[in-house]
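Here is the structure we will look at, set down as structure tokens.
Residue numbers (UniProt numbering): 1 to 386.
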């Protein structure tokens, strides 16, 4: 993290009683491959990053939480017994985690906290999951004798999004934040919630995000339309193959069998999802063999699928992907839900400087602004710092 304990502690001491508490951290995340697969029962391949959230927390002997957001210079007090909680979203994450941890049997008491983050906003690196995971881990440590298992902490973060923020998210972001492991990325089965660590130590390569600084609204209708397409194809396949529950269970032959019964658009969406299932498995093998060139090829294939089949890319992201290809970058694709945000790029070190310079200049000439460069180092998950 660029952010340090001292950055947070100095503010904590200033805003509260001048005595220190305990300091915790949780990371943001990237996803190497496996997009729009979670709600299709498939696999995702996230990793925790060095950037994240740091919070200092100290019990205050009351039923009140007193919280200061260092980044936003905002302060709130709320009672743990209040059913409604604060209105500001950044504080509702903390309120929601408190309530969800209490549901799990943790006897949460009042506390003072100051927190800050260095996860770039709008980059699709899940600063909200980092915040939820940081406080879930801390409350479990401070008030729960660490009796709550890590998966329950991740689920508490997801429940906070559902119940207090109004975002019906999957489990990947919180899972990556809690379970992150330096030098490894994680393949998570979104159906069974089983996971496996894979080594990620691409010597001679760098992992870098290019933030397009574009956020075309991920209109809920666009997202919902794609989910509906997947469900339509599953319903058609199920008539012939009753055991097919999601596109995770389908293959290309099954898709061909029902092509005349679904719309061309639905078939195209399903083709991407089925292909992504196979790509995730191929990347698993490549990682175990240390074949990062193959990982890169699959990243390009995923971008093509997201752009041309699932149609969730945009001109800015397609342009950055083409620049990467022209510069000999090993792998590049849109990361996240699409319609803006970042490309994630796996670059040979000797090509890195030229790629960054070329991408900045070409993007500025085309779109009038430079993309933001975010270097990625795979780091550890939720933890106590001191």
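Every residue gets a Cβ at the ideal spot worked out from N, C-alpha and C, and that includes glycine.
Task: Own chain, CB closer than 8 angstroms to residue 172, minus 5 neighbours either side, in chain order - done: Position 172 of the chain shown, counting from 1, holds the residue named residue 172. Result list for residue 172: 29, 31, 38, 44, 46, 188 and 190, in chain order.
Task: Three or more C-beta pairs below 8 angstroms linking the stretch 70-89 and the stretch 271-287 - done: no
Open item on the list: Does residue 236 pass the burial test, meaning 16 or more other C-beta atoms within 10 Å, or should it be called exposed?
Closed with: By one-based count along the chain shown, residue 236 stands at place 236. Buried is the call here.
Open item on the list: Can you find the residues in the same chain that come closer than 6 angstroms, C-beta to C-beta, to residue 324, ignoring five residues on each side of it along the sequence?
Closed with: Mapped onto the chain shown, residue 324 falls at position 324. Hits under 6 angstroms: 332 and 345.
- [ ] Note down the Cα distance separating residue 100 from residue 80, rounded to an integer number of angstroms.
- [x] Counting from one through the chain shown, the residue named residue 100 turns up at place 100. Counting from one through the chain shown, the residue named residue 80 turns up at place 80. Those two C-alpha atoms are separated by around 11 angstroms.
Open item on the list: Going by C-alpha to C-alpha distance, which of 264, 343 and 374 sits closest to residue 296?
Closed with: The sequence position of residue 296 within the chain shown is 296, counting from 1. Of 264, 343 and 374, the residue nearest in Cα terms is 343.
- [ ] Using a threshold of 7 angstroms, state whether the C-beta atoms of residue 106 and residue 144 are closer than that.
- [x] Locating residue 106 in the chain shown gives position 106, counting from the first residue. Locating residue 144 in the chain shown gives position 144, counting from the first residue. Yes, the pair counts as a contact, with Cβ atoms nearer than the cut-off.
Open item on the list: If you measure between the beta carbons of residue 213 and residue 369, is that distance less than 7 angstroms?
Closed with: Working through the chain shown from its first residue, we reach residue 213 at position 213. Working through the chain shown from its first residue, we reach residue 369 at position 369. If you check the CB distance, residue 213 and residue 369 come in under 7 angstroms.
Open item on the list: Using a Cβ distance threshold of 8 angstroms, determine whether the stretch 2-14 contacts the stretch 160-179, with at least three qualifying pairs required.
Closed with: no
- [ ] Using 10 angstroms around the beta-carbon of residue 36, count the other beta-carbons present and answer buried if the total reaches 16, otherwise exposed.
- [x] For the purposes of this step, residue 36 is taken as residue 36 along the chain shown, with counting starting at 1. By the neighbour-count rule (16 or more Cβ atoms within 10 Å), residue 36 is buried.
Task: Classification of residue 27 by the beta-carbon crowding that lies within 10 angstroms, buried from 16 upward - done: Here residue 27 refers to the residue found at position 27 of the chain shown. In the assembly as shown, residue 27 is a buried residue. Its beta-carbon has 16 or more other beta-carbons within 10 Å.
TODO: Report yes or no: do the stretch 350-362 and the stretch 308-324 share at least 3 C-beta pairs separated by less than 8 angstroms?
DONE: Yes, the stretch 350-362 touches the stretch 308-324.
Open item on the list: Would residue 348 and residue 41 qualify as a contact pair, given that the criterion is a beta-carbon distance under 7 angstroms?
Closed with: As a working note, residue 348 is residue 348 in the chain shown. As a working note, residue 41 is residue 41 in the chain shown. Against a cut-off of 7 angstroms, the Cβ pair of residue 41 and residue 348 comes out as no contact.
TODO: With DSSP collapsed to three states, give me the class of residue 219.
DONE: Here residue 219 refers to the residue found at position 219 of the chain shown. For residue 219, the predicted model reports a pLDDT of 48, less than 50, meaning its position is unreliable and no value from the coordinates is stated.
Task: Status (buried if at least 16 other CB within 10 Å, exposed otherwise) for residue 363 - done: Working through the chain shown from its first residue, we reach residue 363 at position 363. So residue 363 counts as buried.
- [ ] Assuming residue 378 contacts residue 111 (C-beta within less than 8 angstroms), just tell me the rounded distance between them.
- [x] Taking the chain shown and counting its residues from 1, the one referred to as residue 378 is at position 378. Taking the chain shown and counting its residues from 1, the one referred to as residue 111 is at position 111. The pair is not a contact, with the Cβ atoms about 31 angstroms apart (cut-off 8 angstroms).
Open item on the list: Taking the alpha helix (DSSP H) that residue 15 belongs to, which residues open and close that run?
Closed with: If you number the chain shown from 1, residue 15 lands on position 15. Membership of residue 15 in the alpha helix (DSSP H) is indicated by the continuous run 5-15.
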